[in-house]
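Q: If you use UniProt numbering, the sequence shown corresponds to residues 1 to 336, in order. First, the structure itself, so that you have it in front of you.
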Amino acid sequence: MSIAMGLLATLFVGLRVWARTYTRIKHGLDDSIVISAMLFIYGFIVIAVYRGGSGKHLAANLMAEPRVFSRAVLYLSVGDILYATSIALLKASILVMYCRIFPLRSMKVGGYSLGVIVLMWWIAVCLLAIFQCRPVRKAWGMSTTEGTCIDKGIWFTSVAVPNIVTDVAILALPVRQVSLLRLSRARKMAVSGIFLLGGFVVIVSCLRLRCLLDLRGGEDGDFTRLVACVWWWSDVEISIGCVSACLPTLRPLARLLVGLFRRHTMSNRITDGLNNVETIGCARSRHPQDMTGNGVESCEHLGDEGAPTADLNLRQGHSNEVSTVALGNQDSHLQS
Numbered sequence: 001m002s003i004a005m006g007l008l009a010t011l012f013v014g015l016r017v018w019a020r021t022y023t024r025i026k027h028g029l030d031d032s033i034v035i036s037a038m039l040f041i042y043g044f045i046v047i048a049v050y051r052g053g054s055g056k057h058l059a060a061n062l063m064a065e066p067r068v069f070s071r072a073v074l075y076l077s078v079g080d081i082l083y084a085t086s087i088a089l090l091k092a093s094i095l096v097m098y099c100r101i102f103p104l105r106s107m108k109v110g111g112y113s114l115g116v117i118v119l120m121w122w123i124a125v126c127l128l129a130i131f132q133c134r135p136v137r138k139a140w141g142m143s144t145t146e147g148t149c150i151d152k153g154i155w156f157t158s159v160a161v162p163n164i165v166t167d168v169a170i171l172a173l174p175v176r177q178v179s180l181l182r183l184s185r186a187r188k189m190a191v192s193g194i195f196l197l198g199g200f201v202v203i204v205s206c207l208r209l210r211c212l213l214d215l216r217g218g219e220d221g222d223f224t225r226l227v228a229c230v231w232w233w234s235d236v237e238i239s240i241g242c243v244s245a246c247l248p249t250l251r252p253l254a255r256l257l258v259g260l261f262r263r264h265t266m267s268n269r270i271t272d273g274l275n276n277v278e279t280i281g282c283a284r285s286r287h288p289q290d291m292t293g294n295g296v297e298s299c300e301h302l303g304d305e306g307a308p309t310a311d312l313n314l315r316q317g318h319s320n321e322v323s324t325v326a327l328g329n330q331d332s333h334l335q336s
């Protein structure tokens with residue numbers, strides 16, 4: 001699952017870079033930030049794939065490896081730092097893109113304000129992940145080391161709730177500006193829909209928070225089995241967040257695909273029309289083969305009233321021989 005989500009994020013970042021190159025638009029700061037975020041996403045995926053004992057019952061893990069609980073907590077703490085860094089960079093990329101698309105004072109004030117909040121959130125997450133216990137090594141030693149640790153419920157809630165709030169604020173930030181654009185209602189809805197597709201990230205963040213709260217039981221709560229849910233939703237959140245950050249930049253790709261579809265459809269229509277068209281001023285019909293076995297095709301030239309005025313018999317294999325057939329009841333005695 002982690003690898004699949006990483007490939008999805010990589011695909012959309014690649015399409016974003018291609019769209020910039022295709023339209024000959026200079027790569028901006030938001031593009032560089034997204035690419036930087038991918039490095040931390042890859043790091044998170046590596047930790048997620050090789051996490052210790054996640055998804056298995058704690059009792060079974062302890063029988064195989066007594067320190068598996070400490071190792072799982074260590075991986076989760078490192079994963080939190082990589083997760084927070086990826087999310088912060090993706091949000092920064094979106095805010096920079098907003099300020100570039102809507103170079104208005106109100107947008108810049110809102111973007112910079114949210115950027116500062118995201119930065120403070122990232123610092124808080126990193127500090128909590130590192131200094132969650134006193135002494136620090138107790139986070140990895142648990143029962144074998146004396147000391148105190150932050151309540152997991154407070155830790156997880158203080159990390160997830162601000163993340164969800166900033167997600168909603170970032171999604172709502174461009175809605176006002178889009179409503180002021182001189183576009184048709186359909187196009188406004190389409191543009192707003194692209195930005196609001198990130199709303200799925202908010203739903204995933206809420207699901208991740210629920211999984212985090214299930215970990216409050218510690219060892220009694222079967223930590224190594226329940227933490228798999230956290231890893232899974234974290235993978236989905238950062239990957240879909242990357243997709244959402246890239247979607248607004250993929251309009252050139254959408255226009256190219258629509259153009260190719262239209263040309264393909266038009267080509268099919270033209271081909272069908274040519275198969276059904278009749279020669280201008282000429283109605284064609286097939287006749288049985290003549291006495292020599294050659295098929296005969298007649299071409300009746302239509303007059304002003306649509307009535308046939310002449311019948312030209314074209315014998316296959318004798319294209320140079322044309323016999324004229326007179327119309328009407330003419331007297332055959334004209335021949336001498």
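For each residue, glycine too, the CB sits at the ideal point set by N, CA and C. Source: prediction; values computed, not measured.
For residue 185, does the three-state DSSP call read helix, strand or coil?
A: For this step, residue 185 is matched to residue 185 along the sequence shown. Correct three-state label for residue 185: helix.
Q: Is the CB-CB distance between residue 78 and residue 47 below 8 Å?
A: Working through the sequence shown from its first residue, we reach residue 78 at position 78. Working through the sequence shown from its first residue, we reach residue 47 at position 47. Yes. Within cutoff.
Q: Give, in chain order, every unbroken run of the alpha helix (DSSP H) that is at least 4 residues long and sits entirely within the stretch 82 to 157.
A: Fully enclosed alpha helix (DSSP H) runs of 4 or longer: 105 to 130 and 138 to 141.
Q: Note down, in chain order, each residue of its chain lying with its Cβ closer than 7 Å to the Cβ of residue 149, except the 5 sequence neighbours on either side.
A: Locating residue 149 in the sequence shown gives position 149, where the first residue counts as 1. These residues qualify, in order along the chain: 132, 133, 138 and 139.
Q: In terms of residues, what are the limits of the alpha helix (DSSP H) holding residue 3?
A: Here the question's residue 3 lines up with position 3 in the sequence shown. Unbroken alpha helix (DSSP H) run through residue 3: 2 to 22.
Q: If we ignore side chains and look at the alpha-carbon of each, how far apart do residue 130 and residue 136 end up?
A: Position 130 of the sequence shown holds residue 130. Position 136 of the sequence shown holds residue 136. Approximately 7 Å between the Cα atoms of the pair.
Q: What residue range does the alpha helix (DSSP H) around residue 198 cover?
A: Your numbering for residue 198 matches position 198 in the sequence shown. Unbroken run through residue 198: none, as it is neither H nor E.
Q: Which one of 8, 23, 2 and 1 has the shortest CA to CA distance from residue 253?
A: Your numbering for residue 253 matches position 253 in the sequence shown. It is 23 whose Cα lies nearest to the Cα of residue 253.
Q: Please work out which residues of its chain come closer than 7 Å, Cβ to Cβ, to residue 233, disregarding the five sequence neighbours upstream and downstream, and give them in chain order.
A: Here residue 233 refers to the residue found at position 233 of the sequence shown. So the list reads 204, 207, 208 and 211, once near-sequence residues are dropped.
Q: Confirm, please, whether the CB-CB distance from residue 40 to residue 85 is below 8 Å.
A: Residue numbering aside, residue 85 sits at position 85 when the sequence shown is read from its first letter. Residue numbering aside, residue 40 sits at position 40 when the sequence shown is read from its first letter. Taking 8 Å as the Cβ cut-off, residue 85 and residue 40 qualify as a contacting pair.
Q: Could you tell me the alpha carbon to alpha carbon distance between residue 27 and residue 91, rounded to whole angstroms?
A: Position 27 of the sequence shown, counting from 1, holds the residue named residue 27. Position 91 of the sequence shown, counting from 1, holds the residue named residue 91. Near 18 Å, if we compare the C-alpha coordinates of residue 91 and residue 27.
Q: Within 8 Å, do at least three Cβ pairs link the stretch 112 to 132 to the stretch 153 to 168?
A: Yes, since at least three Cβ pairs between the stretch 153 to 168 and the stretch 112 to 132 fall closer than 8 Å, the two stretches touch.
Q: Relative to the C-alpha of residue 76, which residue among 231, 160 and 201 is closest?
A: For the purposes of this step, residue 76 is taken as residue 76 along the sequence shown, with counting starting at 1. Comparing Cα positions, the closest option is 231.
Q: How big is the Cα-Cα spacing for residue 123 and residue 15?
A: By one-based count along the sequence shown, residue 123 stands at place 123. By one-based count along the sequence shown, residue 15 stands at place 15. Approximately 31 Å, taken between the alpha carbons.
Q: Apart from the five residues just before and just after residue 197, which ones in its own chain have a Cβ nearer than 7 Å to its Cβ?
A: Counting from one through the sequence shown, the residue named residue 197 turns up at place 197. These residues qualify, in order along the chain: 244 and 247.
Q: Would you report the Cα separation of residue 18 and residue 147, rounded to the nearest angstrom?
A: Within the sequence shown, numbered from 1, the residue matching residue 18 stands at position 18. Within the sequence shown, numbered from 1, the residue matching residue 147 stands at position 147. The alpha-carbon atoms of residue 18 and residue 147 are separated by roughly 53 Å.
Q: Can you find the residues in the same chain that come closer than 7 Å, C-beta to C-beta, to residue 109, ignoring five residues on each side of it along the sequence?
A: As a working note, residue 109 is residue 109 in the sequence shown. Closer than 7 Å at the Cβ level, and outside the excluded window around residue 109, lies no residue.
Q: By a C-beta neighbour count over all protein chains shown, 10 Å radius and 16 as the cutoff for buried, is residue 7 buried or exposed?
A: Within the sequence shown, residue 7 is the residue found at index 7, counting from 1. Classification for residue 7: exposed.
Q: Need the endpoints of the alpha helix (DSSP H) that residue 29 sits in, please.
A: Counting from 1 along the sequence shown, the entry for residue 29 is found at position 29. 29 to 49 is the span of the alpha helix (DSSP H), which, as asked, contains residue 29.
Q: For the alpha helix (DSSP H) that residue 180 lies in, which residues bound it at each end?
A: Taking the first residue of the sequence shown as 1, we reach residue 180 at position 180. Element bounds for residue 180: 175 to 180.
Q: Candidates 30, 3 and 228: which alpha carbon is nearest residue 101's?
A: As a first step, residue 101 must be located in the sequence shown, where it is residue number 101. Among 30, 3 and 228, the Cα nearest to that of residue 101 belongs to 30.
Q: Hey, how far is the Cα of residue 175 from the Cα of residue 104?
A: Stepping through the sequence shown from its first residue, residue 175 is reached at position 175. Stepping through the sequence shown from its first residue, residue 104 is reached at position 104. The straight-line gap from Cα to Cα measures roughly 14 Å.
Q: Three-state secondary structure (DSSP) at residue 238?
A: As a position in the sequence shown, residue 238 is number 238, starting the count at 1. Three-state result, residue 238: helix.
Q: Whole angstroms is fine: what's the gap from residue 185's alpha carbon to residue 257's?
A: To locate residue 185, count along the sequence shown from 1; it is residue 185. To locate residue 257, count along the sequence shown from 1; it is residue 257. Spanning the two alpha carbons is a distance of roughly 23 Å.
Q: For residue 36, collect the residues of the same chain with a Cβ closer than 7 Å to its Cβ; drop the 5 residues on either side in sequence, then sort them by chain order.
A: Counted from its first residue, the sequence shown places residue 36 at position 36. Closer than 7 Å at Cβ, skipping near neighbours: 89.
Q: Is residue 159 buried or exposed, if buried means 16 or more other CB atoms sit within 10 Å of its CB?
A: Here residue 159 corresponds to residue number 159 of the sequence shown, with the count starting at 1. Classification for residue 159: buried.
Q: Taking the alpha carbon of residue 33 as the reference point, which residue from 161, 106, 95 and 240 has its own alpha carbon closest?
A: In the sequence shown, counting from the first residue as 1, residue 33 sits at position 33. Of the listed residues, the one whose Cα sits closest to residue 33 is 95.
Q: For residue 250, which three-state DSSP category applies?
A: As a position in the sequence shown, residue 250 is number 250, starting the count at 1. Reduced to three states, the DSSP call for residue 250 is coil.
Q: How about residue 177 and residue 97: do their beta carbons lie closer than 8 Å?
A: By 1-based counting over the sequence shown, the position of residue 177 is 177. By 1-based counting over the sequence shown, the position of residue 97 is 97. Result no, Cβ atoms of residue 177 and residue 97 do not sit closer than 8 Å.
Q: When DSSP labels each residue in this structure, what does residue 164 get in the three-state scheme?
A: Here residue 164 refers to the residue found at position 164 of the sequence shown. Helix.
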